[in-house]
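Step one of this worksheet: look at the structure below.
In the working numbering, the protein residues as written are 5 to 165.
Right, here's the structure in full:
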């Protein structure tokens, strides 16, 4: 009788372990290798702004953008990279924009050192590109068409952690 309970306990443990491992595999995103490289804290050149990237326990990636210009740190944006309905999405929620609602951009291109997300229906930007120039330099470019003119803004960050 005792060996049956031990066998059941062992079987349950094996099942839980395998289920967790399989679940982790399902949560993998095709952008994981890129975002693993940018986990850390990045400071915007010539401005008191930080972008802090972490990996959540779910396997997704998230960032918070902090403005340090007023002495205290103020969250200006939160970002999540998630899988939604089979698509990898960059979800940004910017303080005092879009009525506080998040905006989704879908993955359009993935390379070892670059990812591009697009949302053609958004006013600006319609495209967000993250490019890892080297281990210490991250370039973020937002772009889109505003009043029939292409507009691009480039942000260059240096790794501080």
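All C-beta atoms in this analysis are idealised placements derived from N, C-alpha and C, irrespective of residue type, glycine included.
Computed from a predicted structure; not experimentally measured.
{"Query": "Runs of beta strand (DSSP E) wholly within the region 30-84 (minimum 3 residues, chain order)", "Result": "44-48, 53-59 and 65-74"}
{"Query": "With 16 other Cβ atoms within 10 Å as the buried cut-off, status of residue 129", "Result": "buried"}
{"Query": "Residue 104, DSSP secondary structure in three states", "Result": "helix"}
{"Query": "Straight-line gap, residue 26 to residue 89 (C-alpha atoms, nearest Å)", "Result": "Model confidence at residue 26 stands at a pLDDT of 36, short of 50, so the residue's coordinates are unreliable; what they give is reported in the following sentence. Between residue 26 and residue 89, the C-alpha separation is close to 19 Å."}
{"Query": "Meets three-Cβ-pair contact criterion under 8 Å: the region 135-152 and the region 40-55", "Result": "yes"}
{"Query": "Neighbour-count burial assignment, residue 7, 16 or more Cβ in a 10 Å radius", "Result": "Model confidence at residue 7 stands at a pLDDT of 42, short of 50, so the residue's coordinates are unreliable; what they give is reported in the following sentence. It counts as exposed."}
{"Query": "Opening and closing residue of the beta strand (DSSP E) in which residue 163 lies", "Result": "153-163"}
{"Query": "Local Cβ density within 10 Å of residue 54, reported as buried at 16 or more and exposed below that", "Result": "buried"}
{"Query": "Residue of 48, 36, 33 and 35 minimising C-alpha distance to residue 161", "Result": "48"}
{"Query": "Option in 80, 110, 101 and 75 with minimal Cα separation from residue 92", "Result": "110"}
{"Query": "Backbone secondary structure at residue 9 - three-state DSSP", "Result": "With a pLDDT of 43 at residue 9, under the threshold of 50, the modelled position of this residue cannot be trusted; read the value that follows with caution. In the structure shown, residue 9 sits in a helix (DSSP, three-state: H, G or I)."}
{"Query": "Residue span of the beta strand (DSSP E) that contains residue 145, given as start and end", "Result": "141-150"}
{"Query": "Cut-off 8 Å between Cβ atoms - residues of its own chain near residue 29, not counting five sequence neighbours on either side", "Result": "For residue 29, the predicted structure reports a pLDDT of 40, less than 50, and the residue's modelled location is therefore unreliable. A value from the coordinates is still provided. Once the five neighbours on either side are set aside, residue 29 has no close Cβ partner at all."}
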